[in-house]
Amino acid sequence: MELLGLFNYWVFAVLLMVGFYAVIAKTNMVKKLLGLSIFQGAVFLLYITMDKVDGGTAPIIQPGVVDAIYSNPLPQVLILTAIVVGISTTALGLALIVRIYEAYGTIEEDETQRLDIE
Amino acid sequence: MTPTFAIGLSLLLPALGAFAIAAADSRPNLRETITVLVALALAATVATLLPGVMAGERPELYLGELLPGISIAFKVEPLGMLYACLASGLWIVNSIYSIGYMRGNSEKHQTRFYVCFAIALAAVMGIAFAENLVTLFLFYEILTLSTYPLVAHKGDSNTIASARVYLGILLATSVGLLLPAIIWTYSVADTVSFVPGGILTGSLTGPGVGLLLALFVFGIGKAAVMPVHRWLPAAMVAPTPVSALLHAVAVVKAGVFTVTKVILYIFGTGLLAQEPSSNWLIFASAFTILAASIVALRQQNLKRMLAYSTIGQLSYVIMAAAVLTPLAKIGASIHMVAHAFGKITLFFAAGAIYTASKKTELNQLRGIGTQMPWTMAAFTIGALSMIGVPPTGGFVSKWFILAGAFQSDNYVAIFTIIVSTALNAAYFLPIIFAAWFAKPDPQLKSHGEAPTAIVVALSITALATLGLFFFNQPVLDLERALMDQ
Amino acid sequence: MSIASQLPALQIVVPLLVAPLTVLLRGSGLAWAAATAASAMAFAIAVALTLTALDGATISYDMGGWPAPYGIELRLDAFSALLLLLTTGASTLSLLGARDSIAELMGESREPLFYAAWLVALAGLCGIAITGDAFNVFVFMEISSLATYVLIAAGPDRRALTAAFKYLIMGTVGATFYLIGVGLVYMMTGTLNFADMEARLAEVDEVRPIVVAAGFITIGLALKAAIFPLHVWLPNAYSSAPNLVTVFIAACSTKVALYVLLRFDFFVFHGNLVGHAFQFSSFLAPLAVLGILVGSAVAVVESNVKRLLAYSSVAQLGYILLGASFGDVAGMTAAITLMFNHGLAKGALFLAIAALAMHTRGHTLADLSGAARQMPWTAAALVIAGASLIGIPGTAGFISKWLLLQAALQQGPLGVVAAVAVVVGSLAALAYVWRIIEPLYFGTAEGSTAGGSTAAYTATPRLLLLALWLAAGANVYFGLIPAVPVSLSELAAAELLGHLR
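Residue numbers (my numbering), protein chains in the order written: chain B, 4 to 121; chain H, 640 to 1124; chain P, -9 to 491.
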């Protein structure tokens, strides 16, 4: 039961590792970048999970509602920022990949290295 | 002139001189006049400090604090006074000699040569008057760096390889051994000042003393204790005035001077006498003396032979200091002077021979005495002083060192001195004999004596070598001031 | 409310606001002038802030008027002041010299964008140094990193692109690790403010998540700071970036990541986690020693000057980490002084390389042959900076080496091992600096003429020479009068390790 209660954390851990694996193992730069996005997405999930309060509702103060239990709004705000950062990173990474393709004619990392040595 | 001002001036004069020399780049006569004038002014400034120091004064100059407890400061004590007088006095003679040599050989980059020389002298003054180890270290490194262009003067690939050895050994030993030694000293004694009687008594005992001493002795690569001696033969690729003043006087004496100062003012003779772990220094210096003499026997090149002779003579000073008896300490400082006069004469002679005849090898010197009587007479005096024959300065210093060794029944030192005297005779006497009495090769052209400036300079130093035998009282007075404190 | 009280905010706001303005500036040199002016202003602000921090005072500034720990607090103490001084100084000096070589490299149309990215990077780095909020650090770190990737990718050949991409991947992984760590700490304490975090951690009973967080944060920042063996992105990034960008990032960007690392590990965790000090030093000290040895060894054999200096940086980061891993005030003071002094030395060295590179074809040691004859001033400045890197007395490097060795010798037998590593590193530094200087002065000019350029020596831009000599002068000045960095470092070390009292 406790294990199921930690379901979100399991998902976080699995996603994190899937993303990390792709970053390390893939030589294709787009796949690397995809892995990076999954990796970051996992962390967003960690933050969203921690703000949940049992029985809590959206943290919006409404007239007439007193003593309501709210979820913690701060992690959501934080993660909004982190998402923006993540998107910028992905955009910049993709832009770099385009330039790399123009310069090398390939987006495989090992091939670019080989081309540089030559 | 107040003594404090004189200390500052003796540091500033050569440094400012360097700028003036650089500014006079295109006018050789003006440039060389400046060099000689600065040398004269420096010697005069240093001389004004002498009476006060003899009378027991210890003038100080404080420049500022580098780190808490560590300052850049200067303080004149007898040993430093002696070294400063020696270097500044011989710089005058050497400047005259340089003019003759550099013009006689039409060397390139003469301005760079004079500029670096002046900077080196400024560093020497800093070393002589340093109040603490860190100040000394600062000027020690400046001396290394400023002499590098002098050693690499010729600029061909062979010279650069030798100069690399020179710089590599001196910098590596100082950064790798001397700096840790200084920091170790500071961390146990909480000070790095030179204090009569030492600063380590009570804060360091046992094998640590021997180890720290080793870090110092080998870290001060300029003292050329084997196996960190290789830079000195390498430095012989430099023009002869550099070898004469720097690698017979200023730089190598900076090494033995620093070692002596460390023994007297950092460890203190009391501590070293108590600690058996420091005894190795006698053996190391004795080994260096004998090994260097044997290597010198086998040299064919005159300057390289003189370099190995220097290595041996330097270790005399260190051995004398390590004997730790009062007479030996006097011997150590007189030997610094006697060797300086003698060896600079020998190098001047070597340079004179090169300028006049382009000869550098020992077997080319047969019969040269008839062609260059002044030069070879001076050479003979210098060589006799190296061996320790009266009436030369070398006899006086060897006398004191031997007497000091007998005072403490140090048979290793006595044995070493006797054997090395025989070895010195073995490599100097054949040269003198051949120069005066062998028949010259009849096919060789006659070349005559070296330029006047050179002959004047080497005559002065040869006379000084003889003079030290008869008039050594001022030096002894200075030594007494050292003992009294 | 006087303008003086707004200085902490202006430190970030000035470069951040000028950045979009630069984009709009067309015409030759305008964007450069605006960026340099903004950077100089940031430097002036940093100097003003440092003057107050020298008294040991801490300035707290509530962003938007929200009091800490609810709002974001800008917090200036001695440590951040030193970092600000270094960052803004490095940026200003490299911008000062950047005009001609960047104009040549970028072309007039892309120049404004380049300088805008530079200012954004500067704003981010300043933000990291001055903020007192853990999440804010992440945001600024990513702001500066994204801008830095752009700057690196502007390098002259295509390798710059792959280097930037590699750095992007590694940097983002590092930042995300940091984010995980911050999240875990937030989960346990409910706060993001450093000071508040430190106070509240003491009340947390369940320390396991905190230990995990400490691990994530340390590794993430170590990746950003290029601590051995996580340094692989660094040599590529340094060597393929435009020369003046290398000056900027080599002088300060890894230092800033290290700054956050030290702040977290010592200010926040050190007093609250049992055994953390031991874990930190037993884990990082061996890595530091390895970093020193490996970095130095590679530098001794490397033939590309920029890569050589980059590997030297890996070794120097090892020194800094070694000092920090001693875990006492003396070691921390040494580490922080080293951060500053190494920035000075490496910045000056890369400036000299940048000046040389305007005339030589490539960056190999052979390309530098004989360049000292045409460029005596540049070569002389390089010698001074090199001496500082080795630790010759009279230069800033000597001061930090002295402090580090002294701190090491207080550590007992293991400290002696550390001292030996430092000494070996210094000897290696002697060797690799010499490998640059010797061809510079004594090499024949064959190497550069063989490349096809018939020694078209034009005068080095005056401003670049000025920047170079300012940097070299700083190395000598802080070597002879080291009071400012050393006392700031002492204050910073005392603040970081305040809980030891």
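Cβ atoms here follow ideal geometry from the backbone N, Cα and C, with glycine treated the same way.
Residue-chain proximity (residue i, chain B), Cβ-Cβ < 9 Å
i	result
P/ALA143	yes
P/LEU(-3)	no
P/ILE159	yes
Residue-chain proximity (residue i, chain H), Cβ-Cβ < 9 Å
i	result
P/GLN269	no
P/LYS214	no
P/PHE432	yes
P/ALA377	yes
P/PRO366	no
P/GLY265	no
P/LEU86	no
P/GLY171	no
Anticipated Cβ contact below 8 Å, residue i with residue j, distance rounded
i	j	result
H/LEU924	H/SER954	Here the sequence assigns Ser to residue 924 of chain H, which means Leu is not the residue at that position. Confirmed, Cβ separation roughly 4 Å.
H/ALA680	H/LEU721	H/ALA680 to H/LEU721, Cβ: 20 Å. No contact.
H/ALA946	H/MET875	5 Å
P/PRO383	H/PHE855	About 16 Å; that fails the 8 Å criterion.
P/LEU64	P/THR121	6 Å
P/PHE501	P/TYR157	An answer regarding residue 501 of chain P cannot be provided, because it is not within the stretch -9 to 491 covered by chain P.
H/SER1099	H/VAL732	Ser is not the amino acid found at residue 1099 of chain H; the sequence shown has Ile there. At roughly 5 Å, the Cβ-Cβ gap stays under 8 Å, so H/ILE1099 and H/VAL732 are in contact.
P/TRP108	P/ALA25	6 Å
P/ILE427	P/LEU355	10 Å between Cβ atoms; not a contact.
Residue environment, residue i, which counts as buried when at least 16 other CB atoms sit within 10 Å
i	result
H/ASN771	buried
P/GLY171	buried
P/THR327	buried
P/LEU293	The residue asked about is misnamed: residue 293 of chain P is Ser in this sequence, not Leu. Per the 10 Å Cβ criterion, exposed.
P/PRO219	exposed
P/LEU458	buried
P/MET187	buried
P/GLY442	Its pLDDT being 41, under 50, P/GLY442 is placed unreliably by the model, and the measurement read from it follows with that caveat. Looking at its Cβ environment, which holds fewer than 16 other Cβ atoms inside 10 Å, P/GLY442 is exposed.
H/TYR904	buried
H/VAL888	buried
P/PRO102	buried
When the options are compared against residue i, the one with the closest alpha-carbon
i	options	result
P/PHE273	P/GLY469, P/ALA212, P/PHE130 and P/ASP67	P/ALA212
P/LEU73	P/VAL476, P/LEU487 and P/VAL235	P/VAL476
B/LEU77	P/LEU14, P/TRP22 and P/GLY173	P/GLY173
H/TRP1075	H/PRO1090, H/GLY1008 and H/PHE1054	H/GLY1008
P/ALA28	P/LEU(-3), P/LEU44, P/THR82 and P/PRO57	P/THR82
H/ALA811	P/THR208, P/LEU420 and P/GLY360	P/LEU420
B/ILE51	B/VAL80, B/VAL87 and B/TRP13	B/VAL80
H/VAL956	H/LEU1041, H/ALA723 and H/ALA820	H/LEU1041
P/LEU112	P/LEU136, P/SER378 and P/TYR51	P/LEU136
B/LEU97	P/GLY87, P/ALA93, P/ALA107 and P/ALA143	P/ALA143
P/LEU62	P/ALA240, P/GLY281, P/ILE239 and P/PHE184	The identity of residue 62 of chain P in the sequence shown is Ile, whereas the question assumes Leu. Answer by Cα proximity: P/PHE184.
Within-9 Å CB hit, residue i to chain P
i	result
B/ILE86	no
B/SER74	no
H/SER584	Residue 584 of chain H is absent from the model: chain H starts at 640 and stops at 1124.
B/ARG102	yes
B/LYS35	yes
B/LEU95	yes
B/PHE10	no
H/TRP730	no
Distance cut-off 8 Å: residue i Cβ against heavy atoms of the ligand NAP
i	result
P/PRO146	The ligand NAP is not part of the structure shown, which contains no ligands of any sort.
Contact between the segment 342 to 354 of chain P and the segment 226 to 239 of chain P (3+ Cβ pairs under 8 Å): yes
Stretch pair the segment 307 to 317 of chain P + the segment 193 to 209 of chain P: three plus CB contacts closer than 8 Å: no
The segment 386 to 393 of chain P touching the segment 319 to 335 of chain P, judged by at least three CB pairs closer than 8 Å: yes
Cβ contact (3+ pairs, closer than 8 Å) linking the segment 748 to 765 of chain H and the segment 777 to 786 of chain H: yes
Sufficient close CB pairs (3 or more, under 8 Å) joining the segment 1111 to 1123 of chain H to the segment 735 to 750 of chain H: no
Inter-stretch contact (C-beta, 8 Å, three-pair minimum) for the segment 391 to 400 of chain P and the segment 315 to 325 of chain P: yes
Touching by the beta-carbon criterion (3+ pairs, under 8 Å), the segment 257 to 276 of chain P and the segment 359 to 378 of chain P: no
Touch test, the segment 927 to 936 of chain H against the segment 959 to 972 of chain H, Cβ-Cβ under 8 Å, three pairs minimum: no
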